[in-house]
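Single-structure report; data block below.
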Amino acid sequence: MKLIDLNRQGGIGANSLYLLIGDLNILVDCGLNPKTPGVGALPDLSLLRDVELDLIIITHCHLDHIGGLPVVMRQHPKTPVLLTQSSRMLIEKMLHNSANVMQKQKEEDGIPGYPLFTHKEIEGLARRFTGLPFKKVKKIKGKRGEIELMFHPSGHVAGATAVEIHHGMRKIFLTGDVLFEHLRTLKGAHFPIGHFDTLIIETTRGMTERAYGKERVHEIARLIDSINDTIAKGGSFLLPVFALGRMQELLAVFHDARRFGRLIECPIFTGGLGIGLSELFDEVSRKTRDVQFDRRIMHDLKLRKLPKKIVAGQEPHQKGLYLVSSGMLVERTPSYALASGLLGHARNTIGFVGYCDPDTPGGRLLAAKPGASFLFEALNVKAKVRARVERFELSGHAERGELLEFAVQTKARSIVLTHGDPDARDWFKTQLAEQLPKAKVVDPVPLRLYEV
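If you want the numbering used here, it's the position in the sequence shown, counting the first as 1, plus 668.
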């Protein structure tokens, strides 16, 4: 098998992996880098210019995995796209929202090349999407050979999948983004046990030690306590979240807490893409059983719409719990604007529940010291870090020890490291060298061809 990591900046961002298995050309994911505006956010698709793609596989519907999909589909107009049934139900809404955001960015910032695709284009491409149930074998024929592939639930988010591929006697396993732990709305990953010749594995939390005493149930209790304390003291609590998956999970958690009298009575504000996706999650839940979510949760919580106008650097007039995207406080999102007004007041709290890239505003805020000045550059607002800034260990990615244990039991001859910052990958390289000394461990340099 040959492969190229097309994510030109490496790490976590425009996730896209080209695989040549036998005579079959396969692309796994085609994302956008959330830190890079314009065409530079795409993977380097120029390397596929002379390649006739046989198949595109989508592992899940976060934009760092699908944001560039319409572009590569335009360039390869005959290539089918295979994804899980749940992802098939979610992907169009995610792409349409992305087109809206890019159109707005073009109008406000004049970003060249935006939008990268249009609503009409998404509608035309949708007929090439095929949803495949988990655990069902699919044969893909090339000109001379064929592969068999199967999807396995990988946790992480609704529809997320790992990919098992058989080519002749060779067995390949690609984890995708993984969470082994069960959530309130989603079961954890369920992978096959046993030997694989090649393992392609995510490494997101390679630099994060297992936080003993911070198990999910305890972190949820700590989050609820923090919300109650903040509201009782007259402040507001901002939870920046990913619209897909994390918002629905927390709505279900808050519904449980409110039902059992653990969550203080207060307005809960939310809006945008997350609400539309929550409605869609109800449908996904009923049709696929891959998730457990009921739209009545939103009614029971008496959710309120976000204020129509969020003034940069000013606290919102209404105190309450704000559950809004983006999860990393990316510029020009509701969470970014709200944070600019809440950060300077000690009565407020900003809580993070997922991975934050160190180079995003969310990552920088987590690293900022209390009392320091923090610049919201896109809004031209500077605020002192007076609010509590907290992190709750509720990641959608597996603990490094769990992934390492899975990797070791596969006894893979070749292991390819993906989806992780350099230090995270280094931890896996060190551990795998000790526990699987005969394995060839590859940390691919972007845009370089490897044979494994």
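Glycine residues also receive a C-beta, built at the ideal position from the N, C-alpha and C atoms. Remember, it's a predicted structure, so these values are computed and weren't measured experimentally.
Under 8 angstroms between the Cβ atoms of residue i and residue j?
{"i": "V1076", "j": "L1034", "result": "no"}
{"i": "L971", "j": "S1008", "result": "no"}
{"i": "F819", "j": "R756", "result": "no"}
{"i": "L969", "j": "V992", "result": "no"}
{"i": "T866", "j": "H1087", "result": "no"}
{"i": "V998", "j": "T1028", "result": "yes"}
{"i": "I965", "j": "L912", "result": "no"}
{"i": "G995", "j": "P908", "result": "yes"}
{"i": "A767", "j": "I734", "result": "no"}
{"i": "P780", "j": "G681", "result": "no"}
{"i": "S1003", "j": "L891", "result": "no"}
{"i": "S754", "j": "T956", "result": "yes"}
{"i": "S904", "j": "P783", "result": "no"}
{"i": "L1011", "j": "R1056", "result": "no"}
{"i": "I808", "j": "H834", "result": "no"}
{"i": "L723", "j": "G827", "result": "no"}
{"i": "C934", "j": "L989", "result": "yes"}
Give me the residue from the options with the minimum Cα distance to residue i.
{"i": "H923", "options": "T853, A980 and G939", "result": "T853"}
{"i": "H1065", "options": "E870, G781, V719 and T704", "result": "E870"}
{"i": "I726", "options": "D673, V979, V805 and V696", "result": "V696"}
{"i": "L793", "options": "P745, H835 and I833", "result": "P745"}
{"i": "E887", "options": "G1030, L1062 and E789", "result": "L1062"}
{"i": "A900", "options": "L1010, K987, G1012 and K1050", "result": "K987"}
{"i": "K772", "options": "P975, T1001 and K1079", "result": "T1001"}
{"i": "G929", "options": "E947, G903 and A889", "result": "A889"}
{"i": "T1078", "options": "A709, P1090, L1100 and R1093", "result": "L1100"}
{"i": "D1122", "options": "K855, L948 and D845", "result": "The shown model of the chain, from 669 to 1120, leaves out residue 1122, and the question about it has no answer."}
{"i": "N823", "options": "K803, V805, R812 and D845", "result": "A small fix is needed here, since residue 823 is Gly in this sequence, not Asn. Ranking the options by Cα distance to G823, first place goes to D845."}
{"i": "P1090", "options": "A925, K774 and P1026", "result": "P1026"}
{"i": "F1096", "options": "F1074, V831 and R1116", "result": "F1074"}
{"i": "K670", "options": "T752, G690, Q916 and K806", "result": "G690"}
Assuming residue i contacts residue j under a Cβ cut-off of 8 angstroms, what Cβ separation, rounded to an integer in Å, is found between them?
{"i": "V1084", "j": "I868", "result": "4 angstroms"}
{"i": "P702", "j": "D732", "result": "6 angstroms"}
{"i": "L941", "j": "I895", "result": "Going by Cβ atoms, the distance from L941 to I895 rounds to 23 angstroms, so no, they are not a contact pair."}
{"i": "R878", "j": "G1069", "result": "6 angstroms"}
{"i": "L800", "j": "T752", "result": "6 angstroms"}
{"i": "G1022", "j": "F848", "result": "About 16 angstroms; that fails the 8 angstroms criterion."}
With a threshold of 7 angstroms (Cβ to nearest heavy atom), would residue i be considered close to the ligand HEM?
{"i": "V805", "result": "No copy of the ligand HEM occurs in the structure displayed, which carries no ligand at all."}
Could you tell me if residue i is buried or exposed, where buried requires 16 or more neighbouring beta carbons within 10 angstroms of its beta carbon?
{"i": "L763", "result": "buried"}
{"i": "M837", "result": "exposed"}
{"i": "L1043", "result": "exposed"}
{"i": "P821", "result": "buried"}
{"i": "T1098", "result": "exposed"}
{"i": "L674", "result": "buried"}
{"i": "H858", "result": "exposed"}
{"i": "I672", "result": "buried"}
{"i": "H967", "result": "exposed"}
{"i": "G736", "result": "buried"}
{"i": "S714", "result": "exposed"}
{"i": "H730", "result": "buried"}
{"i": "A1014", "result": "exposed"}
Consider the Cβ of residue i: report whether some Cβ of chain C lies at a distance smaller than 8 angstroms.
{"i": "K970", "result": "No chain C appears in the structure shown, which is made up of a single protein chain."}
What alpha helix (DSSP H) runs, 4 residues minimum, are completely inside the region 906–980? 914–927, 941–956 and 964–968
Whole runs of the alpha helix (DSSP H) within the region 765–851, excluding any shorter than 4 residues: 787–793
Please go through the region 991–1079 and give each complete beta strand (DSSP E) segment of 3 or more residues, from N-terminal end onward. 1017–1020, 1041–1044, 1049–1052 and 1056–1059
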